[in-house]
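Sequences listed follow chains P and D, in order.
Sequential numbering from 5 applies to the first sequence in this note's numbering.
Sequential numbering from 5 applies to the second sequence in this note's numbering.
2 protein chains.
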Amino acid sequence: MHRQLILVQKVYTRVGLVLQTPPQKPFLKPISLFSKSLIPSSFRIFTTNLRSPLMDPQETSLRQALAGKQAAIDAQANAVRELKASKAAEKAAIDAAVEALKGLKMEKSSIEEELQSIVKSNGGDSKETFRQNLINTLERKLFYVPSFKIYGGVAGLYDYGPPGCAVKQNVLTYWRQHFVMQENMLEVDCPCVTPEVVLKASGHVEKFTDLMVKDEKTGACYRADHLLKDFCKEKLEKDLSLSAEKAAEFKQVLALLDDFSSEELGAKIKEYGITAPDTKNPLSDPYPFNLMFQTSIGPSGLSSGFMRPETAQGIFVNFKDLYYYNGNKLPFAAAQIGQAFRNEISPRQGLLRVREFTLAEIEHFVDPQDKSHRKFREVADLEFFMFPRELQVSGESAKKMVIGDAGTVNNETLGYFIGRVYLFLTSLGIDKERLRFRQHLANEMAHYAADCWDAEIECSYGWIECVGIADRSAYDLRAHTDKSGVSLVAHEKYAEPKEVEKVVITPVKKELGLAFKGNQKMVVEALEAMDEKEAMDMKANLESKGEVEFNVCTLGKSVTLNDKMVTIKKEKKKEHQRVFTPSVIEPSFGIGRIIYCLYEHSFYTRPSKAGDEQQNVFRFPPLVAPIKCTVFPLVQNQQYEEVAEQIAKSLAGAGISHKIDTTGTSIGKRYARTDELGVPFAITVDSTSSVTIRERDNKQQIRVNVDEVASVIKEVTDGQSTWADVQWRYPAHSSISADE
Amino acid sequence: MHRQLILVQKVYTRVGLVLQTPPQKPFLKPISLFSKSLIPSSFRIFTTNLRSPLMDPQETSLRQALAGKQAAIDAQANAVRELKASKAAEKAAIDAAVEALKGLKMEKSSIEEELQSIVKSNGGDSKETFRQNLINTLERKLFYVPSFKIYGGVAGLYDYGPPGCAVKQNVLTYWRQHFVMQENMLEVDCPCVTPEVVLKASGHVEKFTDLMVKDEKTGACYRADHLLKDFCKEKLEKDLSLSAEKAAEFKQVLALLDDFSSEELGAKIKEYGITAPDTKNPLSDPYPFNLMFQTSIGPSGLSSGFMRPETAQGIFVNFKDLYYYNGNKLPFAAAQIGQAFRNEISPRQGLLRVREFTLAEIEHFVDPQDKSHRKFREVADLEFFMFPRELQVSGESAKKMVIGDAGTVNNETLGYFIGRVYLFLTSLGIDKERLRFRQHLANEMAHYAADCWDAEIECSYGWIECVGIADRSAYDLRAHTDKSGVSLVAHEKYAEPKEVEKVVITPVKKELGLAFKGNQKMVVEALEAMDEKEAMDMKANLESKGEVEFNVCTLGKSVTLNDKMVTIKKEKKKEHQRVFTPSVIEPSFGIGRIIYCLYEHSFYTRPSKAGDEQQNVFRFPPLVAPIKCTVFPLVQNQQYEEVAEQIAKSLAGAGISHKIDTTGTSIGKRYARTDELGVPFAITVDSTSSVTIRERDNKQQIRVNVDEVASVIKEVTDGQSTWADVQWRYPAHSSISADE
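Below is the structure:
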């Protein structure tokens, strides 16, 4: 793996200690960005129309036409008033003017209609209907229900009922198979309760916040960005008299919302006069609210803890043991599936933004000098929608690209995971036309991140980030090394000792202390953070001029250094091994979000034969379907019921989840019931020797002997055969009356 | 199911409302008992020697002999002193007396040794060694490690590393298959964050407590019962001069510890002069500490919540929806697997008492009038250790019984689950000789419980409750009905309307109010809670005497009622359906405890052939084993490694978890490594056409062609074939040198 070694390494000293890799530059980016990027990317929602060109040209021209028409109407109305006021005017002239005014008004109203329909289709009226129908079906069939419903529920908490729970289990089982098993990952299982020190090290205690405003009278809390977003959307959708300029401004605000600082948000809320939605009371300035559920560990009340906001930290703190378990070899990946918690200020959007959710996270540790992946070629030819930074900036759309050609993904390991995530999501039934991989813009990423891509899935809420795939460099392991004092590093033994040349930067503390007093520490850190070129430049300058201007980011200014304050020299050393902090590539899956998008992509309605009502169907692949098949005795009689029991037993023996429905309901209604649960196959017992198997989506039926049923169902649910395969092998059964 | 209906039903009125089942008698049992029983039984630990006869007769006679010997020594020492003091005594006489004293002392010391060895074997010195060896292996192999170790860890929180996580997944997968799938249970998945109101209804907010004492100077907290227990154990183990009576007293205290009230505990702590273990400071009186992790839901800080202490409540609050989902039919079972939390005061005993754990719970809802189970006959012939109440009370041991004959289990459904739990645990590898089902004593059960049995597994800590199987009657659904106002009931439609005779009790509020003022409510409730016989007796007394004495539990006294204060009559009514609150049978599995006991039952050591060190082995059945097989190229060469890769690929294709070990270590060491992980089969690649497969426990090897390997491994890990089966089919391979 690590054959290409760089002979001469750059090395920096920090307070006498020789570090093997350049330390992080302190505060390379402003704090607010770091804060944004700390929030796992899978928990922010963007919508296409907000990211893509801000203003639809047609909408602009309609808004302009509307304004023009309004001006014409005002002018004509004036003309009519003047005509009427003037005694001299003839009735015919007045009538003609009134007619013209009416004409203008009709033209205006037709423009309004057109504009309304554009705004609606952007905002999604038909999407709303679709979603409402879907959600009704999901809740009625207990895919999920609001938790603690009999007590009025709690916003952002949901229960998965039997079919939802089965879908979730199927998704997690497949995740384990596709990632953990196929890649020999080291799966771990850590507690949710986490002591404060761990989340201080990770930055969550300080930075895992959302901006909140309070109703100044009632104390009710709102997310500041939500209020601003609602205001702008409402204006854009409902206020047709909005000028094109004002509309463009609101769209601009919506697009930039996620990057607004506390001050910017507060200023906009003041400027637009936004008040508390429920009371119309004035609002406080925005202030940060930490999104972790806090608790206290042990009886003393002195040991603060939190419910983990992500599962990743449990892996990082175990790095040393896991590296040892892996035979002290890189690369390796650890994985964890578990609950994570986020005390949302005001959760909305159903299963997409919840206060407790299941995450599945992978931390793939690699040598920062070699991020190649031995299996990259297995995904290199995959072609799917990629949305690199450049396309986003130039206002273009995502494009289908072959990942091996894309050239925009930072390294092979990152690319490999993007490919594997694509295969995972599409195997579950995510529509590949509504799936894209969007690269983070430079200002979206944390300063330490090398590259980030989100798997975004389009649903009725827009494009939803469901998987974040980030190269987080060495940030997390370094943070825990610093805080715990336990060195989380990897070693690479050289075959024979190597002579390396290092730049050694030694700040002279005494001189620096005299010159900079309290600022000394920041100057020292900035000196130590220089890379080789910067250091050698400084050395040259100090030698030629005796002093040099040096910009210290953390002080926000330059200072003057002289040659007594720092020594810089190259040294040769023999080294037996390389010690380094591994980089980590982190694919992080929001399981609940993936499942919700899967529901949307699987749901459709078809008219019943009787035509009286629509039937809802989930076209889940067998892999995901909560129940693989149902067994119906055609009529209620003991013989058929015994055959049904016999089939059920053989299905259980083959490990196939199934359900018997012995109600006297018509077979058509029973099919409809099973379609609504997304059950792919239904077995109808209409004789004691052979039965029919019906496929959910094409509704075609085949006849199969009773003793073969379980093996046929196993074949088509395991993926060994397709329905077309077995249709070819078994006689068709036509029963027009049954399936209506 | 519900064919045997009782024609004449007892019915009671409550404030005019006709209730279909007798309401709970208020406070039938003292509160303290209720509190104990509320704690899920799987979280208290009893040890055999504490439950069984209190004092070993041999120990008693040794303690008595020791005391006698001490008295003889004292007397002889006196005699020696007197002889020495008397000038008249001859040297020979003195010497003889001194010799006799020495003899007595030697006799005492041999009695002491014997006593010491008995006390040790009760306390378990060899058990300690076994456990320490096991725990070292488990931690070294990352089956589990203390969480957040690099930060010093948090008591009671553990991470499962890769093999532990795999074992846990295997146990949970099998649990789903054995219970959820085989019984068509409705699995649900509810959040851990739970609002206060739900846990108020269940009683946890008020009663889910342990008694705590505080160091009066430092504020350090301890569990009161732990301190008392430690004190008594220490005395019994270390103080050999303890009289047999005092020893019996301490044993008595240990046996009754779990039933002690706060006052009793406090009194004993005072009586024995127990102080804070770390500082020897005085301790506070015991007071209750609620064991739930508390948090706040949402940003306002006004909505209190807890991390759920069990998963069951999530099922109860969903009863209505689940009953509907099941076609409004009883019986049915719902199940849930998930994290539960318990803020232990001072967790000890490793994986057995932790602050966060995985529970798997079943709530089987039945008609209280028919608790038969249609599959009971499938378990009726099973024979295993049962420990009914009577045997415990009479001081006997658990006995092997056929469950169908036992006659002591309250109902078929409870019996069915006991049988299924037995099959589950023994399939995992729990030793059936160290597994027993212990019935709760009457004073251990909650007042509402009909019967409770715990699956207890013996390990080095004693007998550990790993599964609680309780018939909780209608308590939980009633509690949530009362608190939420949503009626959690089942209906049974009669084929034709039935005439029922009911006792209707109508308290006359006005009269009662005048007579009892503020106590009126409690009198009314007590009246309404009367059963039919009590009510008819009262009616008779009121009619004959005009007034009656009536004991109101909640007032703690009797009141005098006259015939104006209550009317009691029998009424006939036509009814179309029966409305009732279902009973619930609750099997509740502490997954971490089961896994820990499994580790103990699977662990053994064998000397290596070289004899230099012991080898550790886990004899996990393939079902549980974290990895099903390992693949070793015999020597490091490309050909063998390619064959190994080819085999690994076919194993992955067959869904078999495996690991390749290509290190140059000796094959014997690699076998030892794989045995320590409990991997049942090891494949050694020693040619390119055929390889050897070695079984972990008998270390025998067979030769199998490369292209058959995966299917052979699949057979023996799926349980289709045994090792003996395949040994018979394939040639043996003998390689004496390999396996040492």
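For glycine and all other residues, C-beta sits at the position ideal for the given N, C-alpha and C.
Within chain P, partners of residue i - CB distance below 9 angstroms
i	result
D/Cys225	Gly302, Pro303, Ser304
D/Val201	Phe152, Tyr155, Gly156
D/Val635	By Cβ distance, chain P contributes nothing, its closest Cβ being about 12 angstroms from D/Val635, past 9 angstroms.
Option nearest residue i by Cα separation, candidates the options
i	options	result
P/Cys463	P/Ala205, P/Met526, P/Arg135, P/His484	P/Arg135
P/Tyr329	D/Asn620, D/Val716, D/Arg677, D/Glu617	D/Arg677
D/Leu244	D/Gln731, D/Gly72, D/Glu387	D/Gly72
P/Ala101	P/Met569, P/Lys91, P/Glu382, P/Arg85	P/Arg85
Proximal chain D residues relative to residue i, where beta-carbon distance stays under 7 angstroms
i	result
P/Gln186	Ala656
Contact set between residue i and chain D, taken where Cβ atoms lie within less than 9 angstroms
i	result
P/Tyr164	Glu191, Val192, Asp193, Cys194
P/Arg359	Pro195, Val197, Ile301, Gly302
P/Leu161	Cys194, Pro195, Val197, Thr198, Pro199, Ile301
Exposure of residue i, with buried meaning 16 or more beta-carbon neighbours within 10 Å
i	result
D/Val639	exposed
P/Tyr426	buried
P/Tyr644	buried
D/Tyr162	buried
P/Gly331	exposed
D/Ala170	buried
P/Arg67	buried
P/His377	buried
P/Thr362	buried
P/Val621	buried
P/Ser715	exposed
Residues near residue i by beta carbon distance below 8 angstroms, same chain, minus five either side
i	result
P/Leu518	none
P/Ala656	His662
P/Lys513	Gln524, Val528
D/Glu712	none
Other residues of its chain near residue i: CB distance less than 6 angstroms, five sequence neighbours each side excluded
i	result
D/Val184	Glu191, Ala339
P/Pro27	Any reading at P/Pro27 is ruled out, since the residue's pLDDT is 31, under 50, leaving its predicted position unreliable.
D/Val197	Gly309
D/Ile598	Cys470
D/Leu203	Val209, Phe310
P/Pro372	Ser587
Partners in chain D for residue i, counting only beta-carbon separations shorter than 8 angstroms
i	result
P/Asn641	Neighbours of P/Asn641 on chain D: none; closest Cβ ~19 angstroms, over 8 angstroms.
P/Glu645	By Cβ distance, chain D contributes nothing, its closest Cβ being about 14 angstroms from P/Glu645, past 8 angstroms.
P/Ala170	Glu191
Cβ-based neighbour list, residue i, same chain, cut-off 7 angstroms, excluding 5 preceding and 5 following
i	result
D/Leu261	Asp229, Leu232, Lys233
P/Gln24	Unreliable positioning characterises P/Gln24 in this predicted model, as indicated by a pLDDT of 32, which lies under 50. The coordinate reading is nonetheless provided below. Excluding positions up to five away in sequence, the list reads Val15, Arg582, Val583, Phe584.
D/Arg707	Ser694, Thr696, Tyr734, Pro735, His737
D/Ser725	Glu719
D/Cys69	For the sequence presented, residue 69 of chain D should be read as Ala rather than Cys. Ile115, listed in sequence order.
Neighbouring residues, chain P, relative to residue i (Cβ below 7 angstroms)
i	result
D/Ser488	Ile154, Tyr155
Residue i Cβ short of 6 angstroms to the ligand NAP heavy atom set
i	result
D/Asp325	No copy of the ligand NAP appears in this structure; indeed no ligand is present at all.
Under 8 angstroms by beta carbon: chain P residues contacting residue i
i	result
D/Ile1	The displayed coordinates of chain D run from 5 to 744. Any statement about residue 1 of chain D would go beyond what the structure contains.
D/Thr667	Gly331
Checklist entry - Where are the beta strand (DSSP E) runs, 3 residues long or more, that stay fully inside the region 536 to 578 of chain D, in chain order? => result The DSSP assignment places 551 to 556, 561 to 566 as complete runs of the beta strand (DSSP E) inside the region 536 to 578 of chain D, in order along the chain (cut-off: 3 residues).
Original post:
If you scan the region 362 to 408 of chain D from start to end, which runs of the beta strand (DSSP E) of 3 or more residues do you find wholly inside it?
Top reply: List check, beta strand (DSSP E) in window: 387 to 391, 403 to 406.
Fill in: alpha helix (DSSP H) runs contained entirely in the region 457 to 522 of chain D, provided each spans 4 or more residues
Runs found: 479 to 488, 513 to 520.
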